[in-house]
Amino acid sequence: MATASIRPAAVAGYFYPDDPHVLQAQIGEMLSTAVPLEAVSAPKALIVPHAGYVYSGPVAASAYAVAAGLRDVVRRVVMLGPAHRVPVASFALPAAQVFSTPLGPVPISRKDWLALQQRADVVVDDRPHALEHCLEVQLPFLQTILDAFELVPLLVGGASAEQVAELLDTLWGGPETLIVISSDLSHYQPYAQACCTDRSSVDQILKLRTGLDHDQACGAMPINGLLRVAARHGVEPHLLDLRNSGDTAGDRSRVVGYTSIAFCESTSHAASARH
Numbered sequence: 002m003a004t005a006s007i008r009p010a011a012v013a014g015y016f017y018p019d020d021p022h023v024l025q026a027q028i029g030e031m032l033s034t035a036v037p038l039e040a041v042s043a044p045k046a047l048i049v050p051h052a053g054y055v056y057s058g059p060v061a062a063s064a065y066a067v068a069a070g071l072r073d074v075v076r077r078v079v080m081l082g083p084a085h086r087v088p089v090a091s092f093a094l095p096a097a098q099v100f101s102t103p104l105g106p107v108p109i110s111r112k113d114w115l116a117l118q119q120r121a122d123v124v125v126d127d128r129p130h131a132l133e134h135c136l137e138v139q140l141p142f143l144q145t146i147l148d149a150f151e152l153v154p155l156l157v158g159g160a161s162a163e164q165v166a167e168l169l170d171t172l173w174g175g176p177e178t179l180i181v182i183s184s185d186l187s188h189y190q191p192y193a194q195a196c197c198t199d200r201s202s203v204d205q206i207l208k209l210r211t212g213l214d215h216d217q218a219c220g221a222m223p224i225n226g227l228l229r230v231a232a233r234h235g236v237e238p239h240l241l242d243l244r245n246s247g248d249t250a251g252d253r254s255r256v257v258g259y260t261s262i263a264f265c266e267s268t269s270h271a272a273s274a275r276h
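According to our numbering, the sequence shown holds residues 2 to 276 in order.
So this is what it looks like as structure tokens:
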């Protein structure tokens with residue numbers, strides 16, 4: 002495969018270790034010490050944070066620990082996150098066919114890559130992806146908890162919540178598909194204020210109430226889109242972790258908020274599906 006079709010790791014050695022053995026050990030420790038607030042199984046979708054592992058890794062690990070039971074089931078991961086560095090009109094797919102991390106290559110789903118290009122709101126552009134961290138930092142966790150899987154990586158720019166919802170509907174799939182929404186919560190508030198702000202934002206998510214803004218979460222639009230489709234697909238949110246950088250590795254004067262939330266099939270939906 003031509004080198005040009007590989008998107009190399011951009012933040013290895015910065016957001017997470019670039020040595021594969023050190024990286025594996027760090028992820029293994031975070032997963033083994035994760036204690037999710039709720040016991041859930043077989044999540045269909047996750048909201049996870051995307052800062053450096055020293056800051057948000059333990060929070061992300063609480064989501065990936067509960068998804069580890071899907072190792073033999075999930076073969077396709079749909080990942081949406083905000084474009085931090087390069088403006089994107091609606092959605093950006095990479096031209097690259099492989100994302101590389103210190104743990105090895107992750108292939109892009111060619112079928113989805115081709116199909117998504119037929120949409121007027123999707124552009125194929127490596128530039129927004131080249132230095133973007135929000136999707137990349139999820140990959141070593143996914144490579145650890147899953148067997149071989151294909152990736153559908155999309156950066157979200159000016160898309161509306163309804164556009165995101167419609168896109169997620171087309172990519173929803175069955176048990177073989179896991180949806181990962183990459184987002185932090187509030188940015189650079191004092192600790193006590195951030196705790197209050199983030200708790201309110203999480204309560205809004207747990208009630209499936211759309212309308213999150215970018216002050217509440219940098220991935221507000223991907224989250225709002227997921228909330229729109231969650232009810233009609235019969236999945237319910239469960240809070241796994243809610244902390245901030247003041248709890249993990251930073252000072253408390255200006256913190257960034259993190260949460261992990263799992264969306265699992267509701268018991269009522271599961272029961273009705275059996276009739």
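Yeah, the Cβ is synthetic: ideal placement off N, Cα and C, and Gly gets one too.
Item, Value
"Tell me the DSSP bridge mates of R244?", "Y259"
"Do the CB positions of D122 and S91 come within less than 8 Å of each other?", "yes"
"Go to P154, then tell me how far its beta strand (DSSP E) extends in each direction, as first and last residue.", "E151 to V157"
"By alpha-carbon positions, which one of Q25, A10, P9 and P59 ends up nearest to Q245?", "Before going on, a small fix: residue 245 reads as Asn here, not Gln. Checked all of Q25, A10, P9 and P59; the closest Cα to N245 is P59."
"Report the partner residues of F142 according to the DSSP bridge assignment.", "According to DSSP, F142 bridges with nothing at all."
"Tell me which residues share the same chain as A64 and place their Cβ nearer than 7 Å to its Cβ, disregarding the 5 neighbours each side in the sequence.", "L47, V49, L241, S261 and A263"
"With the cut-off set at 8 Å, would you say L243 and D199 are in Cβ contact?", "yes"
"For the alpha helix (DSSP H) containing I206, list its first residue and its last residue.", "Y192 to L207"
"Compute the beta-carbon to beta-carbon distance between V79 and I180, rounded to the nearest angstrom, for a pair I have assumed lies under 8 Å.", "5 Å"
"Could you compute how far the alpha carbon of D170 sits from the alpha carbon of I224?", "14 Å"
"At what residues does the beta strand (DSSP E) containing A1 begin and finish?", "It is not possible to answer for residue 1, since the shown part of the chain is limited to 2 through 276."
"Determine, using beta carbons only, whether S267 and G220 come nearer to each other than 8 Å.", "no"
"Using 8 Å as the threshold, is the C-beta distance between D216 and S187 below it?", "yes"
"How about Y189 and R255: do their beta carbons lie closer than 8 Å?", "yes"
"My assumption, with CB atoms under 8 Å, is that A11 sits in contact with H134. Please give the rounded CB distance.", "7 Å"
"Look at the alpha carbon of A116 and the alpha carbon of W173, and state the distance between them as a whole number of angstroms.", "14 Å"
"If I follow the unbroken alpha helix (DSSP H) through G29, where does it start and stop?", "P21 to T34"
"Buried or exposed, going by whether 16 or more other CB atoms sit within 10 Å of the CB of P95?", "buried"
"What are the boundary residues of the alpha helix (DSSP H) that S63 is part of?", "Y54 to A68"
"Whole angstroms is fine: what's the gap from G235's alpha carbon to V41's?", "15 Å"
"Report yes if the CB atom of P21 is closer than 8 Å to the CB atom of L104, and no otherwise.", "yes"
"With distance defined between alpha-carbon atoms, name the residue in R128, A68 and K112 nearest to P37.", "A68"
"From A272 to S6, what does the alpha carbon distance come to, in whole angstroms?", "Its pLDDT being 45, under 50, A272 is placed unreliably in this model, and the coordinates cannot settle the point."
"Going by DSSP in three states, V79 sits in which element: helix, strand or coil?", "strand"
"If you compare alpha carbons, which of L147, L156, V124 and V125 is closest to E137?", "L156"
"Whole angstroms are fine: how far does the CA of V153 sit from the CA of G251?", "32 Å"
"Pull up the CB-CB distance for R229 and T249, whole angstroms please, since I reckon it's below 8 Å.", "About 31 Å separates the two Cβ atoms, so there is no contact after all."
"Just confirm the distance between the C-beta atoms of V165 and G82, as a whole number of angstroms; I'd bet it's less than 8 Å.", "Contact flag wrong, Cβ pair sits at about 11 Å."
"Exposed or buried, which one is L132 when buried takes at least 16 other CB atoms within 10 Å?", "exposed"
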